[in-house]
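K.L.:
Attaching a single structure in structure tokens format; questions to follow.
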Amino acid sequence: MQKPDLVGYITLRVPIRLIKESESWEIPEVYTYLQPGEPELVSHDIPAAWHERLREELEEGGGIEVGQWGPEELAATTTLSEHPLPTEPPLPSLDLFSLLNAGQ
Numbered sequence: 139m140q141k142p143d144l145v146g147y148i149t150l151r152v153p154i155r156l157i158k159e160s161e162s163w164e165i166p167e168v169y170t171y172l173q174p175g176e177p178e179l180v181s182h183d184i185p186a187a188w189h190e191r192l193r194e195e196l197e198e199g200g201g202i203e204v205g206q207w208g209p210e211e212l213a214a215t216t217t218l219s220e221h222p223l224p225t226e227p228p229l230p231s232l233d234l235f236s237l238l239n240a241g242q
């Protein structure tokens, strides 16, 4: 069996929501978990004629199968930082040399 040819990539954005709930008011323990929302298409590089076929495949197949993400893949693709660096103050916009020369 031959390996299928790669024809392109699609990039999806899936919103992730933090859900906090408890079983009842009698049990004070709160359970926290993540819940994915509806994915939206961000970008693609597949031929436009294949979009409808891709949609059919995803609908018939029951969605998108997500690969296994290890710590290396998550670290390499994240846009968030655990401890963001503080923003640097803007540089002064005045030219000090022109101010000194103007006073002479």
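Residue 190 in the working numbering sits at position 52 of the sequence shown, and the numbers go up by one each step.
Think of the CB as a built atom: it goes at the ideal place given N, C-alpha and C, for glycine as much as any other residue.
1) Let me know the secondary structure DSSP gives T170 once reduced to three states.
2) Identify whether T243 lies in helix, strand or coil by the three-state DSSP scheme.
3) Helix, strand or coil: how does DSSP classify E176 here?
4) I want to know whether the region 207-221 touches the region 175-187 - three or more CB-CB distances under 8 Å.
5) How would you write the range of the alpha helix (DSSP H) that E210 sits in, first residue to last?
6) Which of the three DSSP states is assigned to E198 in this structure?
7) Determine whether the beta carbon atoms of V145 and W207 lie at a separation below 9 Å.
8) Determine the extent of the beta strand (DSSP E) in which L156 is found, giving its start and end residues.
9) In whole angstroms, what separates the C-alpha of L172 from that of I184?
P.N.:
Well, looking at it:
1) strand
2) Not covered by the structure: residue 243. The range shown for the chain is 139 to 242.
3) coil
4) no
5) 209-215
6) helix
7) no
8) 154-162
9) 31 Å
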